[in-house]
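Written out below as structure tokens is the structure these notes cover.
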Amino acid sequence: MCKNLKIAIHSANDNDIDTFAPRWLERLEQKGIEVLVLDFRQQNIMNMIKQCDGAMWHWLHSPEDKQYAPKILQAINRLGIPTFPNVDTCWHYDEKVSQHYLFKAVDAPHIPSWVFWNYDEALIFIENCTYPIVFKLSVGAGSANVLKLDSYKEAKIIIDKIFLEGFFPYTLNEFAHKFQLKVRDVFSRNFLSRIVQAVKYIIFDDYPSIPGYFLIQKNYAYFQEFLPYNQYDIRVTVIGNRAFGFIRYNRPNDFRASGSGLIDYDIEKIPREAILIAHCISQKLGFQSMAYDFLLTSDGKPVINEISYCYVNTAVYNCPGYWDKDLVWHEGNIWPEYAHIDDFVMQIQSGDKI
């Protein structure tokens, strides 16, 4: 039992508990810890948080969450109150460009990637690179906003668009025929809707609506080397001293695995080198929770594709066990939320404020 502790958990309202929060609450109740369920966006939140020993917020990749959650959590950290996730764990969440620079900064083995902030430099790159090549928006989950470009002509369309107009996330048609890709701005499924909105704007001064994911992506280009022959990716999720692993097969007739739901829990298919890499980086960078997606190079070496502090909880729970940092196997299913709470409570009790 952990008496005299009080932890705040964010919830927008009583009916809007996010995916991690229910089992966070369950585990805290088991430990006898007092919980304050709050909307962290309310005006007096800092005064309320000062009453607590820790604060937890499973924020997602919606544009709303990305606008306010990191700012508020960082302010709570400034009070000397531990948070989950902490800043080190989440500042790069759903931002592949940030991850690109982070991987380079710490010499993490990752898929070769390039970021351009200048159109002319991006143009020179696509004139000389090897095809196919992968283009990604910085944001997006479940393989969204990811394209395999097979030629200079296709790449030119993309960089023209992102540097001149920009993309709203989740509007790329990854499964379109190449001809559709070239003329999508003319023969879009939304063409008639755009005409109607234009007429309403001209006549009634009614500004056209914008997509639900309203943070437009513009004035950069992010490319990754295409690694052929990968029929699946390798997901290693590290929580504290625990590394859970499984593989995810690609969708039929596709090169992407994220979001496919085609999971295999055979632990013999998880390269031990990938587990060691994930453990090492999490420890080095102070990650409380991190899912690593690996692909294999042509010589069978695991390299990081992307990382994410949050993930589908049941996918981790269904793992038959985990490896510690010494690669010792521990049998048994564990809810990741229970591991979050156990580690977070230990952090608070140790006096670690980060």
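Quick note: the sequence shown, position 44, residue 771 per our numbering, numbers continuous.
Even glycine gets a Cβ: it sits at the ideal position worked out from N, Cα and C.
As the structure is a prediction and not an experimental result, all values here were calculated from the model.
C-alpha gap between residue i and residue j, whole angstroms
| i | j | result |
| --- | --- | --- |
| residue 1027 | residue 739 | 45 Å |
| residue 1050 | residue 1060 | 12 Å |
| residue 789 | residue 796 | 10 Å |
| residue 734 | residue 967 | 19 Å |
| residue 880 | residue 732 | 60 Å |
| residue 994 | residue 1044 | 14 Å |
| residue 875 | residue 817 | 27 Å |
| residue 886 | residue 892 | 10 Å |
| residue 972 | residue 1007 | 15 Å |
| residue 998 | residue 778 | 45 Å |
| residue 945 | residue 872 | 13 Å |
| residue 832 | residue 823 | 14 Å |
| residue 798 | residue 1076 | 25 Å |
| residue 877 | residue 850 | 15 Å |
| residue 834 | residue 807 | 31 Å |
| residue 794 | residue 800 | 12 Å |
| residue 852 | residue 897 | 25 Å |
| residue 1054 | residue 757 | 29 Å |
| residue 989 | residue 811 | 29 Å |
| residue 884 | residue 942 | 21 Å |
| residue 1078 | residue 776 | 17 Å |
| residue 830 | residue 842 | 13 Å |
| residue 1046 | residue 1037 | 16 Å |
| residue 1016 | residue 1005 | 11 Å |
| residue 848 | residue 769 | 44 Å |
| residue 855 | residue 1052 | 42 Å |
Same chain only: Cβ atoms within 6 Å of residue i, ignoring 5 sequence neighbours per side
| i | result |
| --- | --- |
| residue 737 | 767, 784 |
| residue 996 | 974 |
| residue 951 | 838, 840, 861 |
| residue 1035 | 1018 |
| residue 1062 | 750, 1044 |
| residue 947 | 844 |
| residue 792 | 786 |
| residue 1070 | 967 |
| residue 991 | 974 |
| residue 882 | 853, 876 |
| residue 1000 | 1029 |
| residue 771 | none |
Sub-8 Å separation of residue i and residue j beta-carbons
| i | j | result |
| --- | --- | --- |
| residue 866 | residue 821 | yes |
| residue 1033 | residue 747 | no |
| residue 895 | residue 888 | no |
| residue 1002 | residue 970 | yes |
| residue 1030 | residue 836 | yes |
| residue 961 | residue 1021 | yes |
| residue 1039 | residue 760 | no |
| residue 1068 | residue 787 | no |
| residue 956 | residue 863 | no |
| residue 1024 | residue 954 | yes |
| residue 890 | residue 846 | yes |
Burial state of residue i (16 or more Cβ within 10 Å)
| i | result |
| --- | --- |
| residue 805 | exposed |
| residue 1009 | buried |
| residue 813 | buried |
| residue 964 | buried |
| residue 765 | buried |
| residue 781 | buried |
| residue 1066 | buried |
7 Å Cβ shell around residue i - same chain, five flanking residues per side excluded
| i | result |
| --- | --- |
| residue 959 | 974, 975, 976, 977, 984 |
| residue 815 | 1012, 1013, 1014 |
| residue 1074 | 809 |
| residue 826 | 819, 1033, 1034 |
| residue 753 | none |
| residue 1058 | 1047, 1048 |
| residue 912 | At residue 912, the pLDDT of 47 sits below 50, so the modelled position is not reliable and the matter cannot be decided from this model. |
Any non-hydrogen atom of the ligand NAD within 7 Å of residue i CB
| i | result |
| --- | --- |
| residue 991 | Absence of the ligand NAD from the depicted structure is noted, as is the absence of any ligand whatsoever, leaving it without description. |
Cβ shell of residue i (< 8 Å), same chain only, five flanking positions each side left out
| i | result |
| --- | --- |
| residue 802 | 773 |
| residue 1056 | 994, 1048, 1049, 1050 |
* **Complete alpha helix (DSSP H) runs within the region 812-876 (minimum length 4 residues, chain order)** => 814-817, 823-832, 846-855
* Entirely within the region 934-1018 and at least 4 residues each: give me those alpha helix (DSSP H) ranges in chain order. => 999-1012
* To do: Ignoring anything shorter than 3 residues or poking outside the region 1018-1062, list the beta strand (DSSP E) runs there in chain order.
  => 1029-1035, 1048-1050, 1056-1058
* Scan the region 741-809 and note each continuous beta strand (DSSP E) run of 3 residues or more that stays entirely inside, going in chain order. => 761-765, 781-783
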